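Here is the structure we will look at.
Residue numbers (this note's numbering): 103 to 317.
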């Protein structure tokens, strides 16, 4: 009987188990951060920034193999030397893990400001919402901007706006962030108005029903 296809949560759990077990510095970024802090979306990629010492490569590859993934010792070592990406394929489904090396100040910042989040029964280190918003604006595709707006809307009350603005300026997307914040505030105000209208309407309907009972 064929094994059931592994879910996104299952792939994330397996990756976290392997990296944590081998004490590898890492942080989940990209779509996983969007899903955790913003709105649900589909993805085939589990993007993780990592720093794997070369002496741990064989153990990391072995542990991915044991969990049903295809991982290449050669590819992983080459990626370390070249500070490049390495893809690990899931044998039980179409999803894949994309390991990228922490090799520049932006990636270092993602690791330094990561947030531990409980998601689908496991605690994982995730790129902070402020960091993810700014990087999405830097990438700049329509989907990236939509992802950034979703996180902004969901995390509005918890965001470090001064820190996020400073990071945005360093990435040369300060103007884009200002525009996104204006749009997010407009949507938030609109949602508040609709909520107040719905509450007032509910109260009026309750009073009308009470009057009908009295008569």
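Idealized CB from N, CA, C, for every residue including glycine. Please read all numbers here as calculations on a predicted model, not as lab measurements.
Residue i: first and last residue of the uninterrupted alpha helix (DSSP H) it sits in
i           : result
residue 227 : Run containing residue 227: none in the alpha helix (DSSP H); it sits in the beta strand (DSSP E), 224-228.
residue 267 : 263-272
residue 159 : 159-168
residue 122 : 110-123
residue 210 : 207-214
residue 232 : 231-241
residue 319 : Only positions 103 to 317 of the chain appear in this structure, which leaves residue 319 out of reach.
Sequence-distant residues of the same chain with beta carbon closer than 6 Å to residue i, five excluded per side
i           : result
residue 169 : 116
residue 150 : 128, 130 and 201
DSSP three-state assignment for residue i, whether helix, strand or coil
i           : result
residue 201 : strand
residue 103 : Confidence is the limiting factor: at residue 103 the pLDDT is only 49, short of 50, which leaves the residue's position unreliable and the question unanswerable from this model.
residue 146 : coil
residue 135 : helix
residue 275 : coil
residue 300 : A caution first: residue 300 carries a pLDDT of 49, below 50, which makes its placement in the model unreliable, though a value can still be read off. In the structure shown, residue 300 sits in a helix (DSSP, three-state: H, G or I).
residue 141 : coil
Counterpart residues of residue i in DSSP-defined beta bridges
i           : result
residue 151 : 129 and 202
residue 187 : 202
residue 192 : 171
Closer than 7 Å: residue i CB and nearest the ligand PLP heavy atom
i           : result
residue 273 : Inclusion of the ligand PLP in the displayed structure is not the case, the ligand content being empty and no account of it being possible.
Cβ neighbour criterion (16 or more within 10 Å) applied to residue i
i           : result
residue 184 : exposed
residue 237 : buried
residue 263 : exposed
residue 292 : exposed
residue 288 : exposed
residue 218 : exposed
residue 132 : buried
residue 280 : exposed
residue 212 : buried
residue 118 : buried
residue 140 : buried
residue 223 : exposed
residue 300 : For residue 300, the predicted model reports a pLDDT of 49, less than 50, meaning its position is unreliable and no value from the coordinates is stated.
residue 106 : exposed
Proximal residues to residue i (C-beta, below 8 Å), its chain only, five neighbours per side dropped
i           : result
residue 282 : 235, 239, 247, 250, 251 and 254
residue 108 : 116, 170, 192, 194, 195 and 197
residue 208 : 237 and 273
residue 296 : Residue placement at residue 296 cannot be trusted, given a pLDDT of 47 that sits under 50; the coordinates are not used to answer.
residue 123 : 165
The beta strand (DSSP E) enclosing residue i, as first and last residue numbers
i           : result
residue 220 : 217-221
Contact set for residue i: own chain, Cβ-Cβ below 7 Å, skip 5 residues either direction
i           : result
residue 113 : 148, 192, 197 and 199
residue 175 : 159, 160 and 163
residue 230 : 215, 216 and 217
residue 265 : 232
residue 242 : none
residue 221 : 138
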